[in-house]
Amino acid sequence: MSSNNPFVNALLTDFYQLTMLSAYYQSGQHRRQVAFEYFYRSAPFGGLYAIFVGLHDVIHYLQTFAFSAEHIAYLRSLNTFSEDFLAHLSDLRFTGSLEAVREGEVLLPGVYGIRVTAALEEAQIIESALLALVNFPTLIATKAAHIKFNAEEKNVLEFGLRRAQGADGALTASRAAYIGGADATSNVLAGFQHGIPVAGTHAHSYVMFFPDELSAFERYAQVFPNAALFLVDTYDVYHGLQNAIRVAHEMQANGNQARGVRIDSGDLVYWAIVAHVLFERANLPEMRIVLSNDLNERNIALIHNEIRRSVRDEGYLREISLQVGAEVGKISAEAVIDRLVFGVGTDLITGGNQSSLGGVYKLVAVQEADGTWQPRVKLSAQPEKMTNPGTKQVVRLLRNGFVVADIIALPDEVITPDQPFVGINPANPSQQTTYRNFDEVQRLHLPIFAQGKLVYTPPSLPEVKAYAKQRARTIRLESRRLENPHTLKVSLTERYFAYKQAVIAQTTKQP
Numbered sequence: 016m017s018s019n020n021p022f023v024n025a026l027l028t029d030f031y032q033l034t035m036l037s038a039y040y041q042s043g044q045h046r047r048q049v050a051f052e053y054f055y056r057s058a059p060f061g062g063l064y065a066i067f068v069g070l071h072d073v074i075h076y077l078q079t080f081a082f083s084a085e086h087i088a089y090l091r092s093l094n095t096f097s098e099d100f101l102a103h104l105s106d107l108r109f110t111g112s113l114e115a116v117r118e119g120e121v122l123l124p125g126v127y128g129i130r131v132t133a134a135l136e137e138a139q140i141i142e143s144a145l146l147a148l149v150n151f152p153t154l155i156a157t158k159a160a161h162i163k164f165n166a167e168e169k170n171v172l173e174f175g176l177r178r179a180q181g182a183d184g185a186l187t188a189s190r191a192a193y194i195g196g197a198d199a200t201s202n203v204l205a206g207f208q209h210g211i212p213v214a215g216t217h218a219h220s221y222v223m224f225f226p227d228e229l230s231a232f233e234r235y236a237q238v239f240p241n242a243a244l245f246l247v248d249t250y251d252v253y254h255g256l257q258n259a260i261r262v263a264h265e266m267q268a269n270g271n272q273a274r275g276v277r278i279d280s281g282d283l284v285y286w287a288i289v290a291h292v293l294f295e296r297a298n299l300p301e302m303r304i305v306l307s308n309d310l311n312e313r314n315i316a317l318i319h320n321e322i323r324r325s326v327r328d329e330g331y332l333r334e335i336s337l338q339v340g341a342e343v344g345k346i347s348a349e350a351v352i353d354r355l356v357f358g359v360g361t362d363l364i365t366g367g368n369q370s371s372l373g374g375v376y377k378l379v380a381v382q383e384a385d386g387t388w389q390p391r392v393k394l395s396a397q398p399e400k401m402t403n404p405g406t407k408q409v410v411r412l413l414r415n416g417f418v419v420a421d422i423i424a425l426p427d428e429v430i431t432p433d434q435p436f437v438g439i440n441p442a443n444p445s446q447q448t449t450y451r452n453f454d455e456v457q458r459l460h461l462p463i464f465a466q467g468k469l470v471y472t473p474p475s476l477p478e479v480k481a482y483a484k485q486r487a488r489t490i491r492l493e494s495r496r497l498e499n500p501h502t503l504k505v506s507l508t509e510r511y512f513a514y515k516q517a518v519i520a521q522t523t524k525q526p
């Protein structure tokens, strides 16, 4: 279920969480019931959604949460906390409740992915770890989903171990990338730990070790008669392709089958087309073309686009003909693309140009002595930073299996396809939409913990991956494109909007 990382324990927290707990404890407020929610404000990578990942590690963290004697001794050495507070920490466990969307769910901005209802000290102390366990894998799973989508569902191999943010970052990211869309990883530890399929070829150093490239390929084919895939750009791509074809034919004569070639430098579009033409002429229909070299979702989309453009150009075809030494007629762009596999490293394992997801964990309600719940709201001059106070429900509207909008409503509101209603944009209340053309209403959240007891059975990693794939397909194509994606709406019902405005008004009256 999780990586069981020994460093994911009660000390995985920010120091100010402990000082706040001490203040709550000394003032006798530490057991008051509160509600916190995890959500993010802005979707990563210029998109409109995220793939929620990390719940299973949160579950393991909460199940094993405890300050050990060694932890307490360290905290004592800081000369900050009283002995009675440290003794209290020794007995602290998570006894609260938690609801969440499933791991692999499509999570929209402003919609809570996790709600924790617990004693103040329990809900507060887990904040930092919860954010660390959810934000990074959600970022990487979302990156993988963008890459897989722009690869047009061709196989994607995650090759990022050597560029990851440390060993733990690599292991976390490999799992998240697999959930989001990667088909295999080069990270053997991730394969061992999580059961992710592992894949890889050989390095340039392997070819360089042998007297010549042909010898290297032949030896590799002997050792891996049914899995040989040759890296062809160590010296000259064209000669590398010719050597790969020669060895592939030798393998066929022995009843074996080469898997393909990998191209890691140069003009990937040009060499992919050349490789396809050569494989067609050599009657090697099973040979795949693995492309790598600092790939991401944008240049993968560009590779597909440029292949389709290039094979329509007569001048380009003449250049290909000169390269292969024979006249090349019409080339099917889709046949070239069907051979492609993408090896993605740095951008996938790190998040590329976005290093973090801005997920937050905010207080939304506090229980009074009489049992009633009082809402809490964070105010801001920036509407997108204002929180949605109080207990609430979220439902997803779908039409023909595609997401229409996520709706934030009061707990007692009933939304059905036969009842049109008005939704209000939380970032710009003047924008209102009447929802009437939807045929399904889904509840997104499930109970995970109830009064400290796990009431949810986490699915296996393959099941999570399959769920993420199915949920990603509920997003329309126009909402997944790279540039100017069509809006995925999040709206407040009129009743919830009025409730929120009343909470804001009451809060601003406070001295």
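The opening residue of the sequence shown carries number 16 in the numbering used here; numbering runs sequentially from there.
Each residue gets a CB set at the ideal place from its N, CA and C atoms; glycine is no exception.
Only a predicted model underlies this, so the values are computations on that prediction, with no experimental measurement involved.
{"Query": "State the start and end residues of the unbroken beta strand (DSSP E) segment that holds S112.", "Result": "S112 to V116"}
{"Query": "Using CA coordinates, which residue listed in G69, F100, P404 and V73 is at the minimum distance from I82?", "Result": "Just to set this straight, residue 82 is Phe in the shown sequence, not Ile. Per the Cα distances, F100."}
{"Query": "Taking the alpha carbon of R274 as the reference point, which residue from G255, A424 and A263 has its own alpha carbon closest?", "Result": "A263"}
{"Query": "In angstroms, rounded to a whole number, what distance separates the CA positions of N170 and V23?", "Result": "33 Å"}
{"Query": "Between V343 and A287, which are expected to be in contact by the criterion C-beta below 8 Å, what is the C-beta distance as a whole number of angstroms?", "Result": "That belief does not hold up - the Cβ atoms of V343 and A287 are roughly 14 Å apart, past 8 Å."}
{"Query": "Since Q41 and Q139 are thought to touch, with beta carbons under 8 Å apart, how far apart are those beta carbons, to the nearest angstrom?", "Result": "Not really, about 14 Å apart at Cβ, beyond 8 Å."}
{"Query": "Can the beta-carbon of T502 be found less than 8 Å from the beta-carbon of V121?", "Result": "no"}
{"Query": "At a cut of 8 Å, does the region 209-225 reach the region 188-195 through at least three beta carbon pairs?", "Result": "yes"}
{"Query": "Where does V73 fall in DSSP's three states?", "Result": "helix"}
{"Query": "What are the boundary residues of the beta strand (DSSP E) that L244 is part of?", "Result": "L244 to L246"}
{"Query": "How long is the line joining the alpha carbons of V410 and N443, rounded to whole angstroms?", "Result": "20 Å"}
{"Query": "Taking its Cβ as the centre, do 16 or more other Cβ atoms sit within 10 Å of N298, making it buried, or is it exposed?", "Result": "exposed"}
{"Query": "Does DSSP classify A297 as helix, strand or coil?", "Result": "coil"}
{"Query": "Specify whether the region 457-470 and the region 59-77 touch according to this definition: at least 3 beta carbon pairs, one from each stretch, less than 8 Å apart.", "Result": "yes"}
{"Query": "Spell out the partners DSSP gives H103 in its beta bridges.", "Result": "Its beta-bridge partners do not exist; DSSP assigns none."}
{"Query": "Does the pairing of the region 271-285 with the region 238-254 give three or more beta-carbon distances under 8 Å?", "Result": "yes"}
{"Query": "Kindly give me the distance between the Cβ atoms of P104 and R47, rounded to whole angstroms, as I take these residues to be in contact under 8 Å.", "Result": "A quick correction: the sequence has Leu, not Pro, at residue 104. At roughly 18 Å, the Cβ-Cβ gap does not stay under 8 Å, so L104 and R47 are not in contact."}
{"Query": "May I ask you to list the residues that DSSP assigns as paired with G358?", "Result": "L172"}
{"Query": "In three-state DSSP terms, what is Y539?", "Result": "Lying before the first or after the last residue shown, residue 539 is absent from the chain, which here runs from 16 to 526."}
{"Query": "Please determine, among G405, R496, P473 and V518, the residue with the shortest C-alpha to C-alpha distance to T132.", "Result": "G405"}
{"Query": "Going by Cα to Cα distance, which pick from S395, G467 and I346 is closest to R323?", "Result": "I346"}
{"Query": "Between the C-alpha atoms of A424 and R510, what's the straight-line distance to the nearest angstrom?", "Result": "7 Å"}
{"Query": "Kindly indicate the opening and closing residues of the beta strand (DSSP E) around G206.", "Result": "Run containing G206: none in the beta strand (DSSP E); it sits in the alpha helix (DSSP H), V203 to H209."}
{"Query": "Bridge partners for Y450 per DSSP, in chain order?", "Result": "F436"}
{"Query": "Quick one: what's P390 bridged to in DSSP?", "Result": "A380"}
{"Query": "Go through its chain and collect everything with a Cβ distance to R458's Cβ below 7 Å, but skip five positions before and after it.", "Result": "V410"}
{"Query": "Should S307 be labelled buried (16 or more other beta-carbon atoms within 10 Å of its own) or exposed?", "Result": "buried"}
{"Query": "Rounded to whole angstroms, what is the Cα-Cα separation between S370 and N19?", "Result": "24 Å"}
{"Query": "Label A88 either buried or exposed according to how many other C-beta atoms from any shown protein chain fall within 10 Å of its C-beta, with 16 as the threshold for buried.", "Result": "exposed"}
{"Query": "My parser needs the beta strand (DSSP E) runs of 3 or more residues fully inside the region 308-362; what are they?", "Result": "355-359"}
{"Query": "Looking at the strands, I want to know which residues DSSP matches up with H460.", "Result": "V116"}
{"Query": "Locate the beta strand (DSSP E) running through D183, then write down its first and last residues.", "Result": "No beta strand (DSSP E) holds D183; the alpha helix (DSSP H) holding it covers G181 to G195."}
{"Query": "Buried or exposed: which applies to Y376, given that a residue is buried once 16 or more other Cβ atoms fall within 10 Å of its Cβ?", "Result": "buried"}
{"Query": "DSSP has S506 in a bridge; who is on the other side?", "Result": "I422"}
{"Query": "Please confirm if the region 56-64 is in contact with the region 479-496, defined as three or more CB-CB distances below 8 Å between the two stretches.", "Result": "yes"}
{"Query": "Answer with buried or exposed for G438, where buried requires no fewer than 16 other C-beta atoms within 10 angstroms of its C-beta.", "Result": "buried"}
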